[in-house]
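In full-length UniProt numbering, the protein residues as written are 1 to 570.
Virtual Cβ for every residue (Gly too), placed ideally from N, Cα, C.
Here the structure comes first, spelled out in structure tokens, and everything after it is commentary.
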Amino acid sequence: MDTKNIHATDHSRVIIHIDIDCFYAQVEMIKNPELRNIPMGVQQKNVVVTSNYIARETGIKKCMLLEDALRICPKIVLVNGEDLHDYRQISYKVTTHLQKYSSQVERLGLDENFLDATSLVETKLKSKHENITAKGHIFGNNENNCDCGCQLRLTVGSEIAQEIRDSIRHEFQLTCSAGIAHNKLLAKLVGAKHKPNQQTLLYPNSTCELLYQLQNVVDIPGIGRAMGDMLKNLGVSTIRELQHLNFDKLKFAFGEEKAKLIQNLSNGIDNSPVKSSGKPTSIGLEDSCRNITAIGEVKDKLNQLMNRLMVLVSEDGRIPRTIKLTIRKFDSISKMSNRESRQTNITTSLFTVKSNSIELQQKSAQRLTSTIMTLFTKMVDVHKPYHITLLGLSFTKFLERMNGKSSITSFFRKNVEVQSITNIENKNDLTTSPMECTPFSYDLSGSESEFEPSPKKTKFSKLIAKRRCFEADDCPSPSKLKVADLRLSSAKNVSSDSSDSKNSFSDDNSNSICCPPNVDAAVFKEIPKELQQEVWNDYKREMNEKQEQKLQPVIKKPKTNTLLNYFLKN
DNA sequence: CTGGGGTCCT
DNA sequence: AGGACCC
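Structure below.
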């Protein structure tokens, strides 16, 4: 009857939370072992974001202001950690390693992972019944009286956690801490009880004891500053107060869904699944800065960011289709989160695949910079004085690059399986071939022959043969295909990549996506809706460009490199 | 004198 | 596009 009780007694899962100890600091100590025996902190601008444990003994805390840190520990050695590249790289290696243990691994930041070990435990229990002993700490004093078998499962979970931590240490020279419990919330909370390089096991009967050790509701992951403030206004600050607050009051303040969620959390109930993280859905960089006031500086900074960003994108291996510019304007009423952003689609033809890495050639770089500056002028009136305190660039909506050997069927697979999380190692298996500098597209050799048959091979089979094709990363839900998402470059706007929604709607306004006449209808029918969309858009754009060309002296235009080209039939 | 990232929801 | 949350 009461769903709360049903869930409260569901201990069927075994969840392990793994938290790499002072992650950035450990990476820095690997890079420079001399830092191991002295107090060391990792600095980003005016903040010491983390430090090794020697520094922590002196009282250094996470995200401490530089000034305070230096006062507390004048001897602290600081390492700049503003470039997360190396941290990100090692972080993904760890996650990929964890995926050997379970298909369900969820990343949280760069240094934490949840792992659903339920089936691993069940498997292990089938073959092993003796000598099962809890590893590491056990939280609380209560005996476990639960008869659902959770004690045995969680105990096995602690053995697995120990193995995993050992393997991480062995593989990466990284120490980490772990929490084992029957849900994510409790695994994370209990893992914090013994750090660093230790692990803690929670049996369900000790749940309340664990929760009551928290000082405030905002110590519950999932309750942040905003909710914390509202709860304070409701007279709620402790866990106990949240547990006992009248549900209708909570519902009035947060809505039923949120209310249920946080009251459940306050009772240690968390049914959220461990979601496989897969590859990142966005890749971005930010740089906070002191007061930029000149357009030249903006351009400069953005170019630097773009260069760094291209390295990350190349390592990722996918092609992004939208770019977002984020800025923060100086504000005397220093409001938090005073950021603005503008986003626009970009064409895949901007990117060049060369020796298995992705590059921006001069022309493309200029075009990208120009569309980014257009975004900038949408947020800032450059004729008036301004000062910018942060610039950020971020790519999203990636197309997966496939390797053709994995066969054409994978291209049309309904459910895109989660692929190995990132191809950091890709860099290492580059095969350099001088011939292999091709734009990201298929040259249809000779613009006149564009729609003409080519002798033997279809364009598509060429594509497969060349092992260069792309797969939409996301399976669009029908709601994504609303008219609002249709973006077509109008003839007036072909010179700009930024198909701004304002000027990109064309007369047809259709929900109707059509198969272009030059594309094999059978193939078209099989591809995901979103790809159909893009193929259709590409076709429209080509028509527009052709029209424009008629008005101009005939210049050999470089072929546009689009999805459409993949599907051109002969 | 407040990093540099990410995720999901609205 | 912004806001909440996480690290």
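For this session: Give the DSSP-derived three-state secondary structure of Q343 in the structure shown.
Result: strand
For this session: Output the distance between the C-alpha atoms of E340 and T58, rounded to the nearest integer angstrom.
Result: 39 Å
For this session: Mind checking which residues open and close the beta strand (DSSP E) that includes T50?
Result: V47 to S51
Problem set entry | Neighbourhood of I327 by C-beta, 8 Å cutoff - its chain only, sequence neighbours within 5 removed | R339, E340, S341, F376, M379, V380, I388, L390, L391 and G392
Exercise. Thinking just about the alpha-carbon of each residue, which of S314, F351 and Q343 is nearest to the one in S394?
Worked result: Q343
Exercise. Helix or strand or just coil, what does DSSP make of T432?
Worked result: The predicted model places T432 with a pLDDT of 36, which falls under 50 and marks its position as unreliable, so this point remains unresolved.
Problem set entry | Helix, strand or coil at M336 [DSSP, three-state] | coil
For this session: Take every Cβ of the stretch 59-78, pair it with every Cβ of the stretch 296-306, and state whether three or more of those distances are shorter than 8 Å.
Result: no
Problem set entry | Residue nearest to N307 in terms of C-alpha spacing, selected from R321, T281 and F351 | F351
Problem set entry | Presumed contact (8 Å Cβ cut-off) between Q198 and G157, rounded CB distance | Actually they do not touch by this definition, with Cβ atoms about 15 Å apart.
Exercise. From I60 to L214, what distance separates their C-alpha atoms?
Worked result: 21 Å
For this session: Would you mind working out which of A187, Y92, N113 and I283 sits nearest L325, comparing C-alpha positions?
Result: I283
For this session: Drop a sphere of 10 angstroms on the beta-carbon of residue 571, count the other beta-carbons inside from all chains shown, and report buried for 16 or more, exposed for fewer.
Result: Nothing can be reported for residue 571, as the shown portion of the chain is limited to 1 through 570.
Problem set entry | Minimum C-alpha distance to I319 - residue among N356, V48, I295 and I333 | N356
Problem set entry | Contact under 8 Å by Cβ, N113 with T96 | no
Exercise. CA-CA distance, T293 and N46?
Worked result: 21 Å
Problem set entry | Selection from Q162, N141, L70 and I132 that minimises the alpha carbon distance to Y101 | Q162
For this session: Out of I18, L202, Q43 and H11, state which residue places its alpha-carbon closest to the alpha-carbon of A25.
Result: Q43
Exercise. Alpha carbon to alpha carbon, how far is R107 from K195?
Worked result: 19 Å
Problem set entry | Which residues DSSP lists as bridging P39, in chain order | P39 pairs with nothing; no bridge assigned.
Exercise. Looking at the structure shown, is T389 part of a helix, part of a strand, or coil, going by DSSP?
Worked result: strand
Exercise. Taking the alpha-carbon positions, what's the K482 to P280 distance?
Worked result: Residue confidence is low: K482 scores 27 on pLDDT, short of 50, so the model does not pin down where it sits. No coordinate-derived value is stated.
For this session: Could you pull the start and end residues of the beta strand (DSSP E) that I239 belongs to?
Result: I239 -> not in any beta strand (DSSP E); alpha helix (DSSP H) instead, spanning I239 to H244.
Problem set entry | Beta carbon of G191 nearer than 8 Å to that of H85 | no
For this session: On a CA-only basis, which of L368, T322 and Y87 is nearest K397? Give me that one, please.
Result: T322
Exercise. Is DSSP giving C176 helix, strand or coil here?
Worked result: strand
Problem set entry | Proximity of S91 and D111 at Cβ, strictly below 8 Å | yes
For this session: Using the Cα positions of V353 and G317, report the straight-line distance between them to the nearest angstrom.
Result: 10 Å
Problem set entry | Chain-order list of residues whose beta-carbon lies under 7 Å from that of A134 (same chain, five-residue window excluded) | T155, S158 and L201
For this session: Could you have a look at L201 and say whether DSSP puts it in helix, strand or coil?
Result: strand
Exercise. What's the gap between the Cα of T348 and the Cα of G109?
Worked result: 29 Å
Problem set entry | Nearest-angstrom Cα separation, counted from Q151 out to K126 | 16 Å
For this session: Would you kindly report the start and end of the unbroken alpha helix (DSSP H) that includes V217?
Result: First-last for V217: undefined, no H or E at that position.
Exercise. CB-CB under 7 Å to K502, same chain, minus the five flanking residues each way: which ones, in chain order?
Worked result: Per-residue confidence for K502 stands at a pLDDT of 33, beneath the threshold of 50, marking its modelled position as unreliable; no derived number is given.
Exercise. Any idea what DSSP makes of E130, helix, strand or coil?
Worked result: coil
Exercise. Can you give the Cα-Cα distance for R36 and F172, rounded to whole angstroms?
Worked result: 16 Å
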